[in-house]
Amino acid sequence: MKASEAVQRYFDAAADELDLSADMRTLLSTPEREITVQLPVEMDDGRLVSLIGYRVQHNRARGPMKGGLRYHHEVDLDEVRSLASLMTWKTAVVNIPFGGAKGGVTVDSRVISSREKERITRKFVDEIHELIGPDKDIPAPDMGTDHEVMAWFVNQYNKYAGFNPAVVTGKPVEHYGIPGREEATGRGVGIQTVKALGRLGRKVRGATVAIQGFGNVGSHTAKFLAEAECKVVAISDLSGGYYNPEGLDVMEAVRYAREHHNSLAGFPKAQHITNHDLLELDVTVLIPAALGGVITGENAHRIKASLIIEAANSPTRPEADDILAARGIHILPDILANAGGVTVSYFEWAQNRQFYQWNLNRVRGELDHMLATAFEQVWDLSTERKVTLRTAAFMVGIQRVARATELAGVV
Ligand code: NAD
3 MKASEAVQRY
13 FDAAADELDL
23 SADMRTLLST
33 PEREITVQLP
43 VEMDDGRLVS
53 LIGYRVQHNR
63 ARGPMKGGLR
73 YHHEVDLDEV
83 RSLASLMTWK
93 TAVVNIPFGG
103 AKGGVTVDSR
113 VISSREKERI
123 TRKFVDEIHE
133 LIGPDKDIPA
143 PDMGTDHEVM
153 AWFVNQYNKY
163 AGFNPAVVTG
173 KPVEHYGIPG
183 REEATGRGVG
193 IQTVKALGRL
203 GRKVRGATVA
213 IQGFGNVGSH
223 TAKFLAEAEC
233 KVVAISDLSG
243 GYYNPEGLDV
253 MEAVRYAREH
263 HNSLAGFPKA
273 QHITNHDLLE
283 LDVTVLIPAA
293 LGGVITGENA
303 HRIKASLIIE
313 AANSPTRPEA
323 DDILAARGIH
333 ILPDILANAG
343 GVTVSYFEWA
353 QNRQFYQWNL
363 NRVRGELDHM
373 LATAFEQVWD
383 LSTERKVTLR
393 TAAFMVGIQR
403 VARATELAGV
413 V
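Okay, here's the thing in structure tokens:
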């Protein structure tokens, strides 16, 4: 099943519950614009390579479109399309005034130099600058891109449009960025994990947690939950999984990864397991925070966690979603669980437009409030309508976008 078909299934389940008309379904599930561009880039060794870049602008009924820019060798139009639609529902669930978009360049970000990455970024801006902007479409970092890429992006965009830091978010703090953006997604995952445990009547203190992926999202999630006195028993990255049933020292793991080129390879005081094993550990909470599609029809029967928090985008395939729902395992869906990042991106955009620097306390306070509100709405709707948390989250998002579309009128 293609990535966009999986999102469509989730959309349809919620649209059925909402009794959405066929015309509105078509309107809301069709992207407004899909852009594919060729990016001829000179590599450091003098070769001229032609890369392909994508930007899918899914929906702008609720505001300028918003979504990350991914540099990864598996990027294709279908993946970008599915992630763009997820952004529409994500911004709507947390009720920030944005629509949804996503972009990507098909390139292996691990093998390109920093100078090559800069040239790719500037070329991409050259190709799409007329179609993006602070009032149209605002990119942000995603896999393979970071605050440095965003700084190049702004610099190149400004050559066409003049001073415009709000054209992207996730910028360096000393270059119009906002404090707290880096931790925001992990913090949001942590806040909602604690809330979900509370709703399930489980103790937070001592609850066992396994986290797949120890990059930006996974490491900040681990830190937050360790501070909340959960017992983080397993973490992982590309080098494999690290398990200690007595609990891992998360801060030691963060320091270790920092000192070893962002890798946990060789991390001591833990048993080495595979990334597959990690998903099937006997824990209270499982948090996939790396790749999409890791929880499948094949392994869903063996998952022992009672709560799954989707920190990554699309980690659960639809067939696994059905199996887990039937087994009574709760899944907090990506469009809500990892929305902390886009929420603080909204604060960054607002800050840039106000020419006023927010401080960390204000960012954290407003983030906590917005996520708590969205979480309660989705959980209550799920209980009231007896639907999964995923269907409830899509229902909240779809309803808001449909209403904005009706109010504006389509003539
Ligand atoms: P990142 O690049 O900082 O970290 C990714 C982590 O996953 C690394 O530890 C890496 O080693 C690990 N990893 C990569 N391939 C793996 C594999 N095959 N098996 C196990 N681990 C593997 O990325 P990130 O920003 O932390 O994003 C992680 C996920 O969260 C992605 O799905 C991303 O789309 C999603 N997400 C990120 C943000 C954000 O603000 N960064 C916001 C929303 C969603």
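Position 380, counted from 1, in the sequence shown is what our numbering calls 382; the numbers after and before it change by one each time, with no gaps. By construction, the Cβ of each residue, glycine as well, lies at the ideal position given by its N, Cα and C atoms.
Check                                                                                                        : Outcome
Rounded separation between residue 136 and residue 394 - CA only                                             : 30 Å
Complete alpha helix (DSSP H) runs within the segment 356-387 (minimum length 4 residues, chain order)       : 362-387
3-residue-minimum beta strand (DSSP E) runs that sit fully inside the segment 17-61, ordered along the chain : 35-44, 50-61
Sheet register partners of residue 5 (DSSP bridge)                                                           : In the DSSP output, where bridge partners are listed per residue, residue 5 has none listed.
Exposure of residue 2, with buried meaning 16 or more beta-carbon neighbours within 10 Å                     : Here the chain has residues from 3 to 413 only, and residue 2 is not among them.
Member of 81, 97, 320 whose CA lies at the smallest distance from the CA of residue 107                      : 81
Cβ-heavy atom distance, residue 294 to the ligand NAD, below 7 Å                                             : yes
Span of the alpha helix (DSSP H) around residue 78                                                           : Taken as a continuous stretch (DSSP letters only), residue 78 belongs to no alpha helix (DSSP H), as it is neither H nor E.
Nearest-angstrom Cα separation, counted from residue 336 out to residue 314                                  : 7 Å
Distance, residue 367 Cα to residue 263 Cα                                                                   : 32 Å
Near the ligand NAD: residue 219 beta-carbon under 7 Å from a heavy atom                                     : yes
heavy atom of the ligand NAD below 7 Å from residue 291 C-beta                                               : yes
Sub-8 Å separation of residue 246 and residue 235 beta-carbons                                               : yes
Close beta carbons around residue 41, own chain, < 8 Å, minus the five adjacent residues each side           : 52, 53, 54, 55, 107, 122, 125, 126, 129
N- and C-terminal bounds of the alpha helix (DSSP H) containing residue 320                                  : 320-328
Residue burial classification, residue 110 (beta-carbon count within 10 angstroms, cutoff 16)                : exposed
Residues sharing a beta bridge with residue 139, DSSP                                                        : 67, 135
Nearest residue (CA-CA) to residue 329, options 37, 354, 301                                                 : 301
Through-space distance from residue 397 to residue 59, alpha-carbon basis                                    : 21 Å
CA nearest to the CA of residue 182, picked from 408, 362, 405                                               : 362
Completely contained beta strand (DSSP E) runs for the segment 269-306, where each covers 3 or more residues : 273-275, 287-290
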